[in-house]
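J.: Note that the sequence shown covers residues 812 to 1243 in our numbering.
Here a beta-carbon is modelled for each residue, glycine too, at the ideal position from N, C-alpha and C.
Owing to the predicted nature of the structure, the values given are computational and were not obtained by experimental measurement.
There's a structure below that I have some questions on.
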Amino acid sequence: MASTAPAASKDAAPAATESAPAAAAAPAAGAAPAASSGAAGVSDPDEAVIESNWDQVVENFDDMSLRPELLRGIYAYGFERPSAIQQRAIMPVIAGHDVIAQAQSGTGKTATFSISILQSIDVSLKQCQALVLAPTRELAQQIQKVVVALGDYMNIECFSAVGGTSVREAMAKLQEGVHIVVGTPGRVFDMIQRRALKTDHIKIFCLDEADEMLSRGFKDQIYDVFQLLPPTTQVVLLSATMPAEVLEVTTKFMRDPIRILVKRDELTLEGIKQFYIAVEKEEWKLDTLSDLYETVTITQAVIFCNTRRKVDWLTEKLQAREFTVSAMHGDMEQQQREVIMKEFRSGSSRVLITTDLLARGIDVQQVSLVINYDLPTSRENYIHRIGRGGRFGRKGVAINFVATEDVPALRDIERFYQTQVDEMPMQIADLI
């Protein structure tokens, strides 16, 4: 059964990659140059890694004293628990400290500063109170979408000021008044110079992917923008690496910053058997999944799809074939998701179909099988999906459905994690 695809199904699935919500930003380029040996808070200049000086961890959003409408937005967006960086960095930013956070892409850093900013904004004052700089237009626009989604119940105005868009429209929008501006350094500086973006009320200045911004030659523009901000502005800097030029920014701009280092994910693929099934065509995946159901006894399984539409579609198709499955994604009400997770944790529901949005929040000890119905759109999410099957020292099995066009993505995952994904053996039932 493993490699021969069943006859083509009449049921055409939705596209495997509709734009997935809040995809992780691309990792910062290249290794960092060595930091100068005198750099404060860096343990080993060659490593260019900061030393944390903050050890408070808040494990739940409910314990962060956030506004109820912001909390509602966080849960509606699909977050269940804060990620490692969110548990450490949100509180010091809200408390008004300057913060340097060193963390990789895909760790939830965009939401870290977005939540902190939204908590600090005076919604009744329609003036720019927070300014976020990002290295690329795409990242700036993505951050803006996250801010708007998290602030959905707050009546927040967030604008992205980026190159390649109409200057006149940008000026008009900024003059109307917005609470938060996210943009690229060149366009933001231009808007300030044109007096469209007023800086008098800015209280938080955030630099996302600072290493990437500086490596792209934005240093002068960042400095120019900073000179035009009120002297009391709080500075938050996020960076995957800490080269000398980033550390220079921190010493020039920041006052006694809190330093937070979130190491690369401790998740490992050890103990997890990884397989693929060559399904050739997308439309053959459904029958392949049905065959798999017939072959193995599933204690508990999570099936990942790349879009919410696909989750709903697959749930409907499997239920029509009389398989018992639950579905969960970010479009559902928080209360509904809590009920589904409770049933799944207690074991009364055995198969959960979900999206990457919730990949990081599913800590269920009994999950013995993870099926990637769609390969993840970002390779960083692969470990978040299948890493949980083998957590707590338990063994796990991951099965990837691979259509012909997915083969390069699978090879990329193998290279990235230096792992090997074998074709699924016939006796798969013995391994689960």
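(1) Check whether the stretch 981-991 and the stretch 884-903 are in contact - that is, three or more C-beta pairs closer than 8 Å.
(2) Tell me the rounded alpha-carbon separation between Arg-1222 and Val-957.
(3) Is DSSP giving Ala-900 helix, strand or coil here?
(4) With C-beta atoms as the reference, is Gly-803 less than 9 Å away from Gly-962?
(5) Can you name, in chain order, every residue of its own chain whose Cβ lies under 6 Å from the Cβ of Val-869, other than the five neighbours on each side?
(6) Could you pull the start and end residues of the alpha helix (DSSP H) that Glu-1192 belongs to?
(7) Buried or exposed for Thr-1135, please, with buried defined as at least 16 other CB atoms from any protein chain shown within 10 angstroms of its CB.
(8) Tell me which residue opens and which closes the beta strand (DSSP E) that Ala-1112 is part of.
(9) Express the C-alpha separation of Asp-866 and Thr-1110 in angstroms, rounding to a whole number.
(10) Using C-beta distances below 7 Å, list every residue in its chain close to Ala-945, excluding the 5 sequence neighbours before and after it, in chain order.
(11) If I'm right that Glu-1023 touches Val-989 with Cβ under 8 Å, what's the distance once you round it to whole angstroms?
(12) Residues bridged to Val-992 by DSSP?
(13) Under the rule that 16 or more other beta-carbon atoms within 10 Å means buried, what is Gly-849, buried or exposed?
(14) To the nearest angstrom, how far is it from the Cα of Ile-861 to the Cα of Trp-1095?
(15) Tell me whether the beta-carbon of Ile-1210 lies closer than 9 Å to the beta-carbon of Asn-1183.
(16) Report all residues from its chain with a CB closer than 6 Å to the CB of Glu-864; omit the five preceding and five following residues, and keep chain order.
(17) On the DSSP letters alone, give me the boundaries of the alpha helix (DSSP H) that Thr-1062 sits inside.
(18) What residue does the beta strand (DSSP E) around Leu-1246 start on, and which one ends it?
(19) Is the beta carbon of Ala-941 sitting closer than 9 Å to the one on Ile-928?
(20) Determine whether the beta carbon atoms of Gly-1207 and Val-1181 lie at a separation below 9 Å.
(21) Could you round the C-beta distance between Ile-1003 and Thr-1044 to whole angstroms and report it? I think they count as a contact, below 8 Å.
(22) To the nearest angstrom, how far is it from the Cα of Asp-1185 to the Cα of Phe-872?
(23) Is the distance from the Cβ of Val-1122 to the Cβ of Met-1139 below 9 Å?
(24) Taking Val-1046 and Phe-1064 to be in contact with their CB atoms under 8 Å, please state how far apart those CB atoms are, rounded to whole angstroms.
(25) Given a cut-off of 9 Å, decide if Arg-948 and Gly-919 are closer than it, judged by their beta-carbon atoms.
(26) Rounding to the nearest angstrom, what Cα-Cα distance links Pro-1054 and Lys-1030 in this structure?
(27) Short check: CB of Val-1057 to CB of Leu-1025, under 9 Å?
(28) For Ile-1003, name the three-state secondary structure that DSSP assigns.
(29) Could you check the C-alpha separation between Leu-882 and Ser-931 for me, to the nearest Å?
(30) Does Ser-1050 pass the burial test, meaning 16 or more other C-beta atoms within 10 Å, or should it be called exposed?
(31) If you drop the 5 nearest sequence neighbours on each side, which residues of the same chain put their C-beta closer than 7 Å to that of Phe-1000?
(32) Starting from Leu-1040, trace the beta strand (DSSP E) both ways and give me its first and last residue.
(33) By a C-beta neighbour count over all protein chains shown, 10 Å radius and 16 as the cutoff for buried, is Asp-1217 buried or exposed?
(34) From this set, Thr-1188, Ser-925, Asp-1241, Thr-1108, which residue's C-alpha is nearest Leu-1048's C-alpha?
(35) Assuming Ser-1160 contacts Ile-1243 under a Cβ cut-off of 8 Å, what Cβ separation, rounded to an integer in Å, is found between them?
(36) By alpha-carbon positions, which one of Leu-1080, Leu-877, Asp-1241 ends up nearest to His-1195?
T.: Walking through what the data contain:
(1) In the pairwise beta carbon analysis, the stretch 981-991 is classified as not touching the stretch 884-903: fewer than three pairs are separated by under 8 Å.
(2) Cα-Cα distance, rounded: 30 Å.
(3) When secondary structure is reduced to three states using DSSP, Ala-900 falls in the helix class.
(4) An answer regarding residue 803 cannot be provided, because it is not within the stretch 812 to 1243 covered by the chain.
(5) These residues qualify, in order along the chain: Met-875, Gln-898, Met-902.
(6) Here residue 1192 is Asn; the residue named in the question, Glu, does not match the sequence. 1191-1197 is the extent of the alpha helix (DSSP H) around Asn-1192.
(7) It counts as exposed.
(8) It spans 1112-1115 - the beta strand (DSSP E) in which Ala-1112 sits, taken as one unbroken run.
(9) Between Thr-1110 and Asp-866, the C-alpha separation is close to 38 Å.
(10) So the list reads Ala-951, Ile-954, Val-993, Thr-995, Asp-1019, Glu-1020, once near-sequence residues are dropped.
(11) With a Cβ gap of about 25 Å, Glu-1023 and Val-989 do not count as contacting.
(12) The partner list for Val-992 (beta bridge, DSSP) reads Leu-942, Phe-970.
(13) At Gly-849, the pLDDT of 31 sits below 50, so the modelled position is not reliable; the number obtained from the coordinates is stated separately. Sixteen is the threshold: since fewer than 16 other Cβ atoms of the shown chains lie within 10 Å of the Cβ of Gly-849, the residue is exposed.
(14) Computed Cα separation, rounded: 49 Å.
(15) Taking 9 Å as the cut-off, the beta carbon of Ile-1210 is found closer than this to the beta carbon of Asn-1183.
(16) Looking at the sequence itself, residue 864 is Asn, so the reference to Glu does not match. Answer for Asn-864: Arg-1070, listed in chain order.
(17) Start and end: 1055-1064.
(18) Look at the range of the chain in this structure, 812 to 1243, and you will see that residue 1246 is not part of it.
(19) Closer than 9 Å, so yes.
(20) With contacts defined by Cβ atoms closer than 9 Å, Gly-1207 and Val-1181 form a contacting pair.
(21) Not confirmed; about 13 Å, so no contact.
(22) Just so you know, the alpha carbons of Asp-1185 and Phe-872 end up roughly 30 Å apart.
(23) Their beta carbons are under 9 Å apart, which means Val-1122 touches Met-1139 by this criterion.
(24) Here Val-1046 really is in contact with Phe-1064; their C-beta atoms are around 5 Å apart, less than 8 Å.
(25) Result no, Cβ atoms of Gly-919 and Arg-948 do not sit closer than 9 Å.
(26) Each residue's Cα considered, the two are about 13 Å apart.
(27) Contact flag set, yes.
(28) In the structure shown, Ile-1003 sits in a helix (DSSP, three-state: H, G or I).
(29) When rounded, the separation of the alpha-carbon atoms in Leu-882 and Ser-931 is 13 Å.
(30) Buried, since its Cβ has 16 or more Cβ neighbours within 10 Å.
(31) Hits under 7 Å: Gln-1032, Asp-1035, Val-1036.
(32) Unbroken run through Leu-1040: none, as it is neither H nor E.
(33) The Cβ neighbour count for Asp-1217, taken over all protein chains shown within 10 Å, is at least 16; the residue is labelled buried.
(34) Closest by alpha carbon: Ser-925.
(35) Ser-1160 to Ile-1243, Cβ: 18 Å. No contact.
(36) Considering only alpha carbons, the answer is Leu-1080.
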